[in-house]
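In the numbering used here, the protein residues as written are 631 to 835. Yeah, the Cβ is synthetic: ideal placement off N, Cα and C, and Gly gets one too.
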């Protein structure tokens, strides 16, 4: 993270990892790239994270790529998400990329600084240049639109603006949300182990 310009934090040890991997299990709680704000907030609430955590952790999309099929709704120009982009060149470049690849091409989630962990993701959202519909929805959310909260800190659109204005605020909130995510209770059952090397299953005989 730091090597790409992002924040650092002390990772807390002692969390149990599974002995096996499950693609289905990993995808169960992931929101679709077409999700609206209410769905995004609910998905995070379901696992014990707040709307603020959702907005901060979404900033990880400052690095990475997405397949054309995951943002096709942004290319039609229809509805609020398509109309949100003030940069026609942005949409036209994506349309050209995807039209010649039958939807299989990859685009950077942050076209401005794709290899740098910064707050450009949020700046892009304010310009209407979020790649995924679920990204752009964060800036399109009206004030007070977060269900179940009256806290100004949980106003999604206000958080997007705050992070776009001040990268240090984003970095601090991102690190704190990463720690909260790491503290989430593991699944039910007694399986799992605290790994000596978190990349691999323990090999004790």
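Would you grab the beta carbon distance between residue 648 and residue 760 for me? Rounded to a whole angstrom, and I think it's under 8 angstroms. The Cβ separation is near 33 angstroms, so there is no contact.
Determine the burial state of residue 682: buried for a count of at least 16 other Cβ atoms within 10 Å of its Cβ, exposed for fewer. buried
Three-state secondary structure (DSSP) at residue 704? helix
Using a Cβ-Cβ cutoff of less than 8 angstroms, which residues in the same chain neighbour residue 807 once the five nearest sequence positions on both sides are dropped? Closer than 8 angstroms at Cβ, skipping near neighbours: 679, 682, 683, 686, 687.
If you run the structure through DSSP and keep just helix, strand and coil, what is residue 653? helix
For the beta strand (DSSP E) containing residue 696, list its first residue and its last residue. 695 to 697
Rounded to whole angstroms, what is the Cα-Cα separation between residue 768 and residue 833? 43 angstroms
With respect to the beta strand (DSSP E) encompassing residue 718, which residues constitute its N-terminal and C-terminal limits? Run containing residue 718: none in the beta strand (DSSP E); it sits in the alpha helix (DSSP H), 718 to 729.
Distance, residue 634 Cα to residue 825 Cα: 26 angstroms
With burial defined as no fewer than 16 other Cβ atoms inside 10 Å of the residue's Cβ, what is the status of residue 829: buried or exposed? exposed
Where residue 809 and residue 723 are concerned, what is the direct C-alpha to C-alpha distance, given to the nearest angstrom? 37 angstroms
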